[in-house]
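With our numbering applied, the sequence shown covers 3 to 191.
The beta carbon of each residue, even a glycine, is placed where N, CA and C say it ideally should be.
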Amino acid sequence: MGPWLNRIGRKMNRVTLEQLDLQPHDSVLEVGFGGGELLAMILAATSGEVHGVDISKPMVARARRRFRRHERLHLHRASAEALPLPDAAFDKACSVNNIYFWSDPAAVMAEFARVLRPGGRLAICFEPAYELRKWPGHEHGFRLYEGHDVQRLFAEAGFGKVRGRWGSGRKPDRFLCLSAARLGAERDA
């Protein structure tokens with residue numbers, strides 16, 4: 003499953019990495035890392051601490067084997083709704099192809115807001131509803147989103163300065179990566 007996830011997510015991962023605008027010493031969180039390809043890209047792009055959270059026991063075990071020599075990578079098996087991480091610990095965070103499965107998307111966004119420092123950037127990459135409807139599997143446990151739905155979730159959780167980038171590939175045909183900054187003291191001023 004991991005190699006397949008890496009293959010179908012390759013272009014989405016690249017766009018997400020661009021949207022994060024990583025700096026050399028950023029600390030970064032990826033939620034729902036699946037096959038781990040974006041984790042590898044993040045490790046190559048920054049010298050900061052990197053954390054990965056995934057609910058899947060096999061994906062976490064696979065990543066632990068794959069990245070066993072990376073001391074600055076910390077892997078956690080946990081739900082996106084309850085991240086086992088301290089407040090304001092990260093400069094950047096991301097999630098690719100996971101939003102459809104979150105049982106409580108508002109809680110997940112609140113968790114991202116909690117663990118990101120003010121000014122930190124969150125990138126969410128997903129296939130919009132019209133793309134997922136092309137695939138019959140969307141009827142089994144998927145929650146469908148359009149860009150405005152994700153923008154609303156950002157705003158409700160205290161994110162602003164939204165940027166977006168469309169991407170395309172063989173599968174998915176078209177996807178959207180939205181990123182936003184964690185608002186802080188400037189929002190209250």
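| field | According to DSSP, residues forming a beta bridge with Lys94 | value | Residue pairing by DSSP places Lys94 opposite Val30 and Arg123 in a beta bridge.
| query | Alpha carbon to alpha carbon, what distance is there between Arg184 and Val110? | reply | Rounded to the nearest whole angstrom, the C-alpha separation of Val110 and Arg184 is 14 angstroms.
| request: Give the DSSP-derived three-state secondary structure of Arg68 in the structure shown. | output: In the structure shown, Arg68 sits in a helix (DSSP, three-state: H, G or I).
| query | Distance, Cα to Cα, Ala157 vs Pro26? | reply | Using only the alpha carbons, I get a separation of about 28 angstroms.
| Closest residue to Gly121 among Ala91, Ala42 and Pro130 (Cα-Cα distance) | Across the set Ala91, Ala42 and Pro130, the C-alpha of Ala91 shows the shortest separation from the C-alpha of Gly121.
| field | DSSP-derived helix/strand/coil call for Gly149 | value | Correct three-state label for Gly149: helix.
| Does the distance from the C-beta atom of Leu31 to that of Ala95 stay below 8 angstroms? | Their beta carbons are under 8 angstroms apart, which means Leu31 touches Ala95 by this criterion.
| query | Taking the Cβ atom as the reference point for each residue, do Val55 and His78 lie within a distance shorter than 8 angstroms? | reply | In this structure, His78 lies closer than 8 angstroms to Val55 by Cβ.
| query | Secondary structure at Ala182, three-state DSSP: helix, strand or coil? | reply | Residue state, collapsed to three classes: strand.
| query | Would you call Pro107 buried or exposed, if buried means 16 or more other Cβ atoms sit within 10 Å of its Cβ? | reply | Buried, because 16 or more other Cβ atoms sit within 10 Å of the Cβ of Pro107.
| For Leu40, which of helix, strand or coil comes out of DSSP? | Helix.
| Sheet register partners of Phe177 (DSSP bridge) | Answer is Gly169, bridged to Phe177.
| said: Given a cut-off of 8 angstroms on the beta-carbon distance, is the pair Pro130 and Glu113 in contact? | reply: The Cβ-Cβ distance between Pro130 and Glu113 does not fall below 8 angstroms.
| Between the C-alpha atoms of Leu19 and Ser181, what's the straight-line distance to the nearest angstrom? | CA-to-CA, the gap between Leu19 and Ser181 works out to about 11 angstroms.
| Taking the C-alpha atoms as reference points, what is the distance between Pro37 and Arg16? | Note that residue 37 is Gly in the sequence shown here, rather than Pro. When rounded, the separation of the alpha-carbon atoms in Gly37 and Arg16 is 14 angstroms.
| field | Close beta carbons around Leu7, own chain, < 6 angstroms, minus the five adjacent residues each side | value | Note on Leu7: pLDDT 49, under 50, position unreliable in the model; no value is reported.
| field | Distance between Gly50 and Leu118 (C-alpha atoms, nearest Å) | value | One C-alpha to the other measures close to 14 angstroms.
| Thinking C-beta only, is Ala84 closer than 8 angstroms to Val33? | Judged by their CB atoms, Val33 and Ala84 are not nearer to each other than the 8 angstroms cut-off.
| said: Can you look up Val17 in the DSSP assignment and give me helix, strand or coil? | reply: Helix.
| field | Inter-residue spacing [alpha-carbon to alpha-carbon] between Arg70 and Ser58 | value | Distance between the alpha carbons of Arg70 and Ser58 is about 18 angstroms.
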